[in-house]
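K.L.:
Input: one structure, supplied below.
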Amino acid sequence: MRNLRKLTAAVLVVVLVLTSMTTVFAADSANVANADKAATLKDLGLYSGQDANDPKVGLENALTTQDSLIFLAKLFGYNEAANKLSADQVAEALAKFDDAASISDYAKNVVAYSTANGILSGSANKDELFVGAKDTVTAARFATFMLRQMGYTVPDFRESVAKLAETKGSKIDATITGDLTRDAAVGIMYGALTAEKASGKTVIADIVGDNNDLKAKAEKLGLIAHSGTSGGGSEELRVVSVNTLNNKQLEIKFNLPLDKSSAQEEAYYTVKDKGIDEKILTDYSCKLSDDMKTVVVTLDSTVDDCLTNSSTAKVMISKDIMAANGKKLNADKEFEIQVQDGILPTVKEITATGEKNIKITFSEPVYEGNNTTTLSNNLFAVKSGTYSYYVQKAELNLDEINLELGTKLIEGPVTVTVNDAGLQGNAIQDYAGYKVFKGEHTFNYVKDNSVSVVSVKTAIGNKVVLSFSKPVKGSNIKLYHSVKNNEDYKSEATSADYANEITFTFNNLLQNGSLYLYLVNSGIEGEKIVDAYGIKVPDQVLTCTVEDDTAAPVVRHYIMNNNESIKIEFDEELDREVAQNPDSYSVKRLSDNEEVPFSVVMDDSMKSVELKYNYKLDDNTEYQLLIKNYMDIFGNANVSDYEHAFTTGDNTYPIVLDSQQSDESCYAVAEKGRIFIIYSEPMNESQMLDKSNYQVSIDGGDTYNDLGNYDTIIKVSESKVQIYVKNFECNNDSIAPFVKIAPIMDLAGKRLYGSVDSHIVEGIGPENVYIEEAQLVVKNKIKFVFNKKMGSTSENDIEFSTYANATTSSSIRVLSCESTAVNSDGKTEMVLILNQDLSPDGRDEAGNEIFISTINDPSSESESGTRLEPNRPIPLNVMTPPETAKRYYDIDESTGAVPKVVAGGNIKFKCEVAFLRTKKAS
9 MRNLRKLTAA VLVVVLVLTS MTTVFAADSA NVANADKAAT LKDLGLYSGQ
59 DANDPKVGLE NALTTQDSLI FLAKLFGYNE AANKLSADQV AEALAKFDDA
109 ASISDYAKNV VAYSTANGIL SGSANKDELF VGAKDTVTAA RFATFMLRQM
159 GYTVPDFRES VAKLAETKGS KIDATITGDL TRDAAVGIMY GALTAEKASG
209 KTVIADIVGD NNDLKAKAEK LGLIAHSGTS GGGSEELRVV SVNTLNNKQL
259 EIKFNLPLDK SSAQEEAYYT VKDKGIDEKI LTDYSCKLSD DMKTVVVTLD
309 STVDDCLTNS STAKVMISKD IMAANGKKLN ADKEFEIQVQ DGILPTVKEI
359 TATGEKNIKI TFSEPVYEGN NTTTLSNNLF AVKSGTYSYY VQKAELNLDE
409 INLELGTKLI EGPVTVTVND AGLQGNAIQD YAGYKVFKGE HTFNYVKDNS
459 VSVVSVKTAI GNKVVLSFSK PVKGSNIKLY HSVKNNEDYK SEATSADYAN
509 EITFTFNNLL QNGSLYLYLV NSGIEGEKIV DAYGIKVPDQ VLTCTVEDDT
559 AAPVVRHYIM NNNESIKIEF DEELDREVAQ NPDSYSVKRL SDNEEVPFSV
609 VMDDSMKSVE LKYNYKLDDN TEYQLLIKNY MDIFGNANVS DYEHAFTTGD
659 NTYPIVLDSQ QSDESCYAVA EKGRIFIIYS EPMNESQMLD KSNYQVSIDG
709 GDTYNDLGNY DTIIKVSESK VQIYVKNFEC NNDSIAPFVK IAPIMDLAGK
759 RLYGSVDSHI VEGIGPENVY IEEAQLVVKN KIKFVFNKKM GSTSENDIEF
809 STYANATTSS SIRVLSCEST AVNSDGKTEM VLILNQDLSP DGRDEAGNEI
859 FISTINDPSS ESESGTRLEP NRPIPLNVMT PPETAKRYYD IDESTGAVPK
909 VVAGGNIKFK CEVAFLRTKK AS
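Its first residue numbered 9, the sequence shown is counted upward by one per residue in our numbering.
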C-alpha cells in the first residue's frame, strides 16, 4: 500500500529586480566550501560538474533530484551502464511516475536506471507517484540514495543522514539538513569515500578495484591505506563483494580461503528476488571456486528459476560460514545487489565427448524459455560437410548443452548451429531473455582411442572410490579386495550415466594398510565399462593403502533452520542406530532449563542429523544443544559430551493480533472513536506511528479513508498503538471498524506477514474486559483480579447471590473498597471488605453457598475506556487457611456437636477417624 501523504502546494510569487550586474543569479562565493574536494573528485574521474574544465563552476547552485542521481551514477560507476539502456527500457522504468515528462532528456537514462535498481522509489501523493526531478534534493533524500547504493536498507529516510554519518569510516556531518547545494553534495560524496559499504569494503576501495593508477592517487590522498603485508592468521573473515554474474548466478568473494564444506552449505545463504521472494537453494547450488575464496551460487531448484532483470535482489550470508583457518564472520551479513544483464549469451566452446556426443558450452547459463532440461532437437543442426546428423537428444545442464546424435561422428570438421530453427518462440536464450544468435560453429573432430586410466581416489572404512580419466558407464561392475572372485570380498556397482567416479561399498571394513583390488567387468558384453567413444576399460589389478580411522567423528558446523530445527554436520559417516536415537541429544532453554522436544532425521549421506523441534523456538532466546552420544561406522565414539550454546535470531515475521477470542487482540471503543492495534512484537516506531500507513473503514470495508488532520496515532507500547478517528466517535458501540495497514517492519526489518501487501484487520470488536477470579484472602475480604489494567473500578459492580442464576440476593454486602493496585502481571486488583465472614468453604453465615457475578450495567472501565463485561460469573478461590468448624448432624440436641474439618483452598490432608466402642448395658 502506498504511503498516502497529503501534500500542500504553496505557490510563491517572487519578484526579481534586475540590475546591470552580469551575475544576477550568482550566490555569494563564500558559501562554497568544497571546491577543493570537487577538484579531487574530478581528478579521480568521479565528478564532472557544470563546466568540463573547471569543477568549481556552479557549486553554489541548488542541486536537483535528477542531477543528484547523475552525481551518484558517476561516483559509483554506473553512469555508462545507465546510458546503454534502450529507449524502451527507459520508458518502461519511468512509466510508473506521473511526472516522468518533467525529467530532462539528459537525465532520463540515469533516473530510469536508478529506478530499476532500487535507488530511487519516488514520492507518493494519493494514487500518484512522483520523481520531483527538478525539485531541489534534500540531504535526507540524497543520503538515502547513497545508502541504498552502498548496499544498506533505509527503513526511515529521515534518519538516513545520521545512518550515513555513523557508517564505519564515514566523514560526513550528521547535522546536515534541508535542501542541498551542489557544493554540499560534493562534501557528502567526498566524506563517504572512506565509508564502509555493506560488503565490508570502503566506497573508494570498491571504486578503485584493480585500477593501479587510481589506487595510487587514492593512496596519495590518504583515502586508502598503502599496500603492505597482510595480517596473516589473525585476519578476520569478511565478505569482499557480492555481485550477479547473470540472472541465474551470484558471485560472493571472501578475503580468506574457505572451508569447502562450510562454503558449499546452501543453508548459509539466502537469496531474495526483488528483495522479497526467497529462492530455494539445493545441495548443489553453492560451489567453491579454485581460488578457495569465491563462492558461486546458482539458482538451480528449477530450470527456469532466476532473478528478475533490472531489479534489486537481497543476499544474506550467515555468520556461521567458516574460513579454512576456523575464522567466522563477526555477524550475519545482508547485501542489496543490482540485477542488470544486458549482455548477449554466446557459444564459448564446442567439443566432442564421445563418438555420438557433443558438448556446447555457453558464456552463461541458458535455457529454452521453459522449465525442462530436455530441449527441442530442431534447435540444433550438426553437419560434416554436406552430411547432416540426426540430433536425437539435447540435454541442458546450466551453461552446457549435450547433444546425442543418431550416428557416429565422422573425423574432420564438424559444424554445429545453435537456434537453427530461428529466434522465434522458445529459442536458446539467457535468463534475461536475450537469445543466442543463430550461427555456425566448427570444430575438428578426432576420435579419442585412448583407454580411460583407472586409479584409486580414496579407500577408507568399507568404501573405495575409483577415478576414471574419461567418463565411463557400465553395469554390474565387480570390485574384489584381497582375493579375486571371493564372494565375501566383493562389491558391485552400476554407473548408468557417464561419470568420472564410481563408488564401491563392501559389507565389512577393509583391513588397514596396503591392499590389492581386482576390477572385473560383467560377463555380458553390453554391461562392460565403456567410455563415450566405445573404448572398453579392461579388467585390472589395482593397489591402494587403506587409511586407518581410529578417531571419533568431529562436529563440523551447525545450521539453524529459522527456529524450527538445527542441522548438525559431522566430518564422516555416523553409526545410524546411535545417530537416530533421540536420547543422544538434548536441547534446552537456558533461562529456565526447559527441555525442548524434537525428532531426529538422518541425512542420506549419513554425515548429518537434523533435530526437528515439536514447536518453534522463541525468538532472541539462548538455548543449549548437548550431544551426548555420537559414533562413526567404525565404532569410534565420543568420550565426552559436546555442548553448543546458541541464540535464536528474529526469525518470525510480525503479525497483527486480531483474534477476537484472545484477550491480547485488536479492539475498538466505538463510542469514543478509539481503535487499538496490537502487533505480535515491537515494531519500527516511525512506521508504526506514521498515519499514512493506516486507513479506516466504518462501513464494513466498502470504503477506506485516510487519517485526517484531526485524527491521531498514539504509542501505547512498543507493539501497540491507539488510533483516534474523530469521524468514528459516536454513541453507537455496535460499529466494528476495519483497518488497512501498510506492510510496516519490525525492528529486524521484517515486513508485516512477510509480505509487501497491505493487511486488513476486519470487524474489530470491543475489548474483552472481565474479572478473572475472586480470592477469599481473609474471612471478610475478597480480592478481585481483573484481566486488564483498569482505568477506573467500582465496588458497586459486584453482586452476591445464593443461586447461580442470581435470582436470590445474598445477605452479603460490600462495606468498602480497601485498596486497588496493579500486580506484577500488569493487571488491576481490587480488595473489598464484606459485612460478614465467609466460611472456609465459601458459605455465608446462614450456610448458603455464595455465587458472585458482575451487575447488569457496570461502570468500571479499562484504560482504553471499555466497560467491564456485565452479568459474568466470577469464580471464587478460597485462599484462607483450613479450620475446624462444628456442625450438628443429628436431631438430638442432647448430643454434642460433631467436629467436621472444612478445608479452604487447594489443600492436601490426611484424616484418621477413631471409633469409640461403648460397653453394652447389661
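Glycine residues also receive a C-beta, built at the ideal position from the N, C-alpha and C atoms.
All figures in this text were calculated on a predicted structure; none of them were measured in a lab.
For N125, count neighbouring C-beta atoms within 10 Å of its own C-beta (all shown protein chains included) and say buried if the count is 16 or more, exposed if not.
P.N.:
Taking the first residue of the sequence shown as 1, we reach residue 125 at position 117. When all chains shown are included, N125 counts as buried.
K.L.:
For A504, does the count of other Cβ atoms within 10 angstroms reach 16, so buried, or fall short, so exposed?
P.N.:
Residue 504 sits at position 496 when you count from the first residue of the sequence shown. When all chains shown are included, A504 counts as exposed.
K.L.:
Are the CB atoms of I683 and E672 nearer to each other than 8 Å?
P.N.:
Numbered from 1 along the sequence shown, position 675 holds the residue referred to as residue 683. Numbered from 1 along the sequence shown, position 664 holds the residue referred to as residue 672. No, the Cβ-Cβ distance between I683 and E672 is not below 8 Å.
K.L.:
Do N410 and N379 have their C-beta atoms closer together than 8 Å?
P.N.:
The residue given as residue 410 occupies position 402 in the sequence shown. The residue given as residue 379 occupies position 371 in the sequence shown. For N410 and N379, no; Cβs fall outside 8 Å.
K.L.:
With distances taken between CB atoms, is the gap from C552 to L525 smaller than 8 Å?
P.N.:
Here residue 552 corresponds to residue number 544 of the sequence shown, with the count starting at 1. Here residue 525 corresponds to residue number 517 of the sequence shown, with the count starting at 1. Cβ atoms of C552 and L525: closer than 8 Å.
K.L.:
Under a three-way DSSP split, which group does V98 fall into?
P.N.:
Counting from 1 along the sequence shown, the entry for residue 98 is found at position 90. In the structure shown, V98 sits in a helix (DSSP, three-state: H, G or I).
K.L.:
Decide if P866 is buried, meaning its Cβ has at least 16 other Cβ atoms within 10 Å, or exposed.
P.N.:
Here residue 866 refers to the residue found at position 858 of the sequence shown. It is buried - the Cβ of P866 has at least 16 other Cβ atoms within 10 Å.
K.L.:
Buried or exposed: where does Q933 fall if 16 or more other Cβ atoms within 10 Å of its Cβ makes it buried?
P.N.:
The displayed coordinates of the chain run from 9 to 930. Any statement about residue 933 would go beyond what the structure contains.
K.L.:
Is T72 buried or exposed, if buried means 16 or more other CB atoms sit within 10 Å of its CB?
P.N.:
Here residue 72 refers to the residue found at position 64 when the sequence shown is read from its first residue. T72 should be labelled buried.
K.L.:
Is the region 849-858 touching the region 831-840, taking contact as three or more C-beta pairs under 8 Å?
P.N.:
No: the two stretches stay apart, fewer than three of their Cβ pairs being nearer than 8 Å.
K.L.:
Count the other C-beta atoms from every protein chain shown that fall within 10 angstroms of the C-beta of Y160, then say buried if there are 16 or more, exposed otherwise.
P.N.:
Looking up residue 160 in the sequence shown gives position 152. Flag for Y160 reads buried.
K.L.:
Would you say the region 791-807 touches the region 698-714, given that touching needs at least three Cβ pairs under 8 Å?
P.N.:
No contact exists between the region 791-807 and the region 698-714.
K.L.:
What did DSSP end up calling A501 once you bin it into helix, strand or coil?
P.N.:
Numbered from 1 along the sequence shown, position 493 holds the residue referred to as residue 501. Looking at A501 - three-state DSSP - the assignment turns out to be strand.
K.L.:
Rounded to whole angstroms, what's the CA-CA distance from Q400 to S458? Just pull it up for me.
P.N.:
As a working mapping, residue 400 is identified with position 392 in the sequence shown. As a working mapping, residue 458 is identified with position 450 in the sequence shown. Near 26 Å, if we compare the C-alpha coordinates of S458 and Q400.
K.L.:
Looking only at its chain, what residues have a beta carbon closer than 8 Å to the beta carbon of S599, apart from the 5 residues adjacent to it on each side?
P.N.:
Along the sequence shown, one-based indexing puts residue 599 at 591. Once the five neighbours on either side are set aside, the close Cβ partners of S599 are T629, E630.
K.L.:
With a threshold of 6 Å on Cβ separation, who are the neighbours of K282 within its own chain once the five nearest residues in sequence on each side are excluded?
P.N.:
Reading the sequence shown from its first residue, position 274 is the one you call residue 282. Closer than 6 Å at the Cβ level, and outside the excluded window around K282, lie T316, S319.
K.L.:
Evaluate T237 with the Cβ neighbour count: other Cβ atoms within 10 Å of its Cβ, from every protein chain shown; 16 or more gives buried, anything less gives exposed.
P.N.:
By one-based count along the sequence shown, residue 237 stands at place 229. Note on T237: pLDDT 37, under 50, position unreliable in the model; the coordinate value appears next. So T237 ends up on the exposed side.
K.L.:
Below 8 Å, how does it come out for the region 509-524 and the region 604-622: are there three or more Cβ pairs, yes or no?
P.N.:
In short, these stretches do not touch, since the Cβ pair count stays below three.
K.L.:
Which residue's Cα is closest to the Cα of V704: E693, A678, F746, I641?
P.N.:
Translated into positions along the sequence shown, residue 704 becomes position 696. Of the listed residues, the one whose Cα sits closest to V704 is F746.
K.L.:
N91: which of N885, F859, A115 sits nearest, CA to CA?
P.N.:
Reading the sequence shown from its first residue, position 83 is the one you call residue 91. Checking every option, the nearest Cα to that of N91 belongs to A115.
K.L.:
With three or more C-beta pairs closer than 8 Å as the rule, is the region 420-438 touching the region 469-487?
P.N.:
Verdict: no, contact absent.
K.L.:
Classify V491 as buried or exposed, calling it buried when 16 or more other Cβ atoms lie within 10 Å of its own Cβ.
P.N.:
Within the sequence shown, residue 491 is the residue found at index 483, counting from 1. Counting Cβ neighbours within 10 Å, V491 comes out exposed, since fewer than 16 surround it.
K.L.:
Quick one: Cα of L222 to Cα of K205, how far?
P.N.:
Translated into the one-based positions of the sequence shown, residue 222 becomes position 214. Translated into the one-based positions of the sequence shown, residue 205 becomes position 197. Taking the straight line joining both Cα atoms gives about 19 Å.
K.L.:
Could you name the residues that DSSP lists as bridge partners for D640?
P.N.:
Indexing the sequence shown from 1 puts residue 640 at position 632. L582, per the DSSP bridge assignment.
K.L.:
Excluding the 5 residues flanking S530 on each side, which residues of the same chain have their C-beta closer than 8 Å to its C-beta?
P.N.:
Locating residue 530 in the sequence shown gives position 522, counting from the first residue. Excluding sequence neighbours, S530 sits near G482, S483, N484, I485, K486, K536.
K.L.:
Between L229, A360, E500, which has its C-alpha nearest P421's C-alpha?
P.N.:
The residue labelled residue 421 in the question sits at position 413 within the sequence shown. For the residues L229, A360, E500, the minimum Cα distance to P421 belongs to A360.
K.L.:
Exposed or buried, what is T502 when buried is set at 16 or more other beta-carbons lying within 10 Å of its beta-carbon?
P.N.:
What you label residue 502 is simply residue 494 of the sequence shown in a count that begins at 1. Exposed, since its Cβ has fewer than 16 Cβ neighbours within 10 Å.
K.L.:
Ordered along the chain, which non-local residues of its own chain (more than five positions away) have a Cβ less than 7 Å from that of S861?
P.N.:
If you number the sequence shown from 1, residue 861 lands on position 853. Correct list, in chain order: E807, A814, N879, R880, P881, I882.
K.L.:
Please list, in chain order, all residues of the same chain as K758 whose beta carbon is under 7 Å from its beta carbon, the five residues on each side excluded.
P.N.:
Locating residue 758 in the sequence shown gives position 750, where the first residue counts as 1. For K758, where only same-chain residues beyond five positions count, the Cβ hits under 7 Å are D658, Y661, P662.
K.L.:
Do you know whose CA, among E679, D626, A756, K446, lies nearest D741's CA?
P.N.:
Counted from its first residue, the sequence shown places residue 741 at position 733. Ranking E679, D626, A756, K446 by Cα distance to D741 puts E679 first.
K.L.:
Alpha carbon to alpha carbon, how far is H565 from E602?
P.N.:
Walking along the sequence shown from the start, residue 565 turns up at place 557. Walking along the sequence shown from the start, residue 602 turns up at place 594. So the alpha carbons of these two residues sit roughly 24 Å apart.
K.L.:
Return the Cβ separation of E344 and K322 in integer angstroms, given the expectation that the two are a contact with Cβ distance under 8 Å.
P.N.:
Here residue 344 refers to the residue found at position 336 when the sequence shown is read from its first residue. Here residue 322 refers to the residue found at position 314 when the sequence shown is read from its first residue. Confirmed, about 6 Å.
K.L.:
Rounded to whole angstroms, what's the CA-CA distance from S297 to N571? Just pull it up for me.
P.N.:
Start at 1 with the first residue of the sequence shown, and residue 297 comes out as number 289. Start at 1 with the first residue of the sequence shown, and residue 571 comes out as number 563. Each residue's Cα considered, the two are about 31 Å apart.
K.L.:
In this structure, how does DSSP classify D285 when only helix, strand and coil are distinguished?
P.N.:
Indexing the sequence shown from 1 puts residue 285 at position 277. If DSSP states are grouped into helix, strand and coil, D285 belongs with the strands.
K.L.:
So, at 8 Å on beta carbons, what are the nonlocal neighbours of V839 in its own chain, with the 5 sequence-adjacent residues on each side left out?
P.N.:
The residue labelled residue 839 in the question sits at position 831 within the sequence shown. Once the five neighbours on either side are set aside, the close Cβ partners of V839 are V785, K789, I790, K791, F792, C825, E826, S827, T828.
K.L.:
Below 8 Å, can you find three or more Cβ-Cβ pairs linking the region 299-318 to the region 268-281?
P.N.:
Yes, since at least three Cβ pairs between the region 299-318 and the region 268-281 fall closer than 8 Å, the two stretches touch.
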